[in-house]
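The block underneath contains the structure these notes are about, expressed in structure tokens.
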Amino acid sequence: MISDKNTSKTSLSELGEFKLIDHLTQSAQLGQASTLKGVGDDAAVLDHKDCQQLVSTDLLIEGVHFDLAYMPLKHLGYKAVVVNVSDICAMNGQATQITVSIAVSNRFSLEALEAFYEGVHLACKTYSVDLVGGDTTSSTTGMMISVTAIGTVEKDQAVYRNTAKSNDLLVVSGDLGAAYLGLQVLEREKQVFQVNPGSQPDLSPYDYLIERQLKPEARKDIVRLLSALAVRPTAMIDISDGLSSEILHLCTQSKVGCHLYEEKIPLDPQVMAASEEFELNSTTVALNGGEDYELLFTISQDDYSKIKANPNLTVIGHMTEAGEGAYLLTRAEQKIALTAQGWKGF
Ligand code: ADP
Ligand code: MG
């Protein structure tokens with residue numbers, strides 16, 4: 012939590028904008044050959060040679076996308092970068108640079124922004140992306156963060172949302188629903204804390220869920236894996252809003268239908284246990300929870316043998332003809348139309 016009440020914190024006005032930018036960006040290390048000029052001039056200069064460039068931006072607003080009561084600033088910095096790197100991965104690309112723009116009110120201290128940038132720098136290191144610019148300004152209320160990720164993909168290797176074909180297999184990486192349940196656990200603890208500030212909850216049964224909520228990862232490894240397996244997805248998207256909503260994006264944009272099999276949806280044991288505890292249906296959690304940042308993609312049936320043994324990849328359904336619609340086929344052999352209930356916010 013950010014508070015100037017008890018510890019000595021440095022007010023942002025003590026530094027001024029330029030010293031602040033310097034302070035926050037001085038530890039940025041440039042590692043990408045394509046970064047010709049990073050922070051410090053009117054614009055960064057990048058040279059991506061023969062590759063095609065990818066650009067993706069996200070805007071995050073305090074109180075809408077994140078709650079600083081349970082989101083430590085370091086995690087927020089990390090997550091803000093990761094969700095943008097994930098978008099580049101979903102294009103079958105490699106993220107190379109980011110810009111980070113922030114607006115904060117004067118209730119934020121220098122130490123708070125340092126913590127945020129610690130997370131930003133850590134994510135940059137983890138994903139080998141260079142921080143090459145941004146903007147810093149004041150806000151009258153909460154915190155706003157905008158991250159732009161820049162990446163590359165080899166010529167004509169970008170994978171779009173609108174190119175899935177009927178009979179393609181629908182594949183997802185990792186497992187689903189954990190980030191949403193992590194949020195439920197954190198919300199519950201926040202309420203307990205408000206009633207009883209001395210409480211020391213044991214969150215160990217939920218460690219995977221909380222990690223998935225507070226420290227998501229972009230599946231850069233899956234992009235590499237698919238390339239190593241010589242599998243080129245026919246369409247791809249990352250799961251930010253929930254499986255159901257992302258499947259519908261693929262279907263609508265590709266003009267195909269889909270059969271999703273409930274029994275195939277990959278769930279971690281903690282997701283099953285916490286769903287029961289919160290009296291939620293684990294399939295609903297996986298379908299509508301969101302923020303998993305897994306990759307959802309379609310492949311030609313000819314590629315099935317290349318992926319079938321991989322523990323990181325699960326075939327969860329297949330695409331159908333356009334007019335057939337998108338359905339969940341349940342364990343009880345019911346056929347239920349998928350609906351988009353995107354989950355908004357961190
Ligand atoms: P300008 O007045 O041209 O917008 P700024 O003083 O805002 O320039 O920024 C100076 C340099 O610092 C630029 O390279 C800009 O990209 C970078 N920069 C500004 N704010 C941030 C930030 N929050 N994080 C990273 N880089 C930043
Ligand atoms: Mg500026």
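Under this note's numbering, the very last position in the sequence shown is 357; numbers go up by exactly one each time. In this text, a Cβ means the ideal position worked out from N, Cα and C, and glycines have one as well.
- Out of Q224, E125, G145, the CA that lies nearest to the CA of L70 is found in G145.
- The alpha-carbon of I318 is positioned some 16 Å away from that of I276.
- The segment 201 to 210 makes no contact with the segment 172 to 184, as fewer than three CB pairs between them are under 8 Å.
- With a threshold of 16 other beta carbon atoms within 10 Å, S215 falls short and is exposed.
- Taking every protein chain shown into account, the CB of Y217 has 16 or more other CB atoms within 10 angstroms, so this residue is buried.
- With respect to the C-alpha of D58, the residue from V50, T46, D52 having the closest C-alpha is T46.
- Remark: three or more beta-carbon pairs, one from each stretch, lie closer than 8 Å, so the segment 240 to 253 and the segment 297 to 316 are flagged as touching.
- When DSSP states are grouped into helix, strand and coil, K90 belongs to the helix group.
- Going by DSSP, M283 is part of the alpha helix (DSSP H) stretching over 280 to 288.
- Inside the segment 235 to 274, DSSP marks whole beta strand (DSSP E) runs of 3 or more residues at positions 246 to 249, 268 to 272, from first to last along the chain.
- Nearest Cα to D52 within the set F29, K60, R243: F29.
- Short of 7 Å from the beta carbon of E274, and not among the five residues preceding or following it, lie these beta carbons of its own chain, in chain order: R342.
- For F204, the shortest separation between its Cβ and any heavy atom of the ligand ADP does not lie below 7 Å.
- Set against 7 Å, the gap from the CB of S112 to the closest heavy atom of the ligand ADP is smaller.
- For A134, the CB contacts under 6 Å within the same chain, skipping 5 residues up- and downstream, are Y89, V92, V93 in chain order.
- For the pair V196 and A285, the CB atoms are nearer than the 8 Å cut-off.
- Just so you know, the alpha carbons of R243 and S67 end up roughly 21 Å apart.
- Distance from the CA of I347 to the CA of I109, rounded to the nearest whole angstrom, comes to 41 Å.
- Under DSSP, the beta-bridge partners assigned to Q63 are V164.
- Here the alpha carbons of G334 and Y81 stand approximately 45 Å from one another.
- If only complete runs of 3 or more residues are kept, the segment 293 to 346 shows the beta strand (DSSP E) at 306 to 310, 324 to 331, 337 to 340, in order along the chain.
- Taken through DSSP and simplified to helix, strand or coil, K201 comes out as helix.
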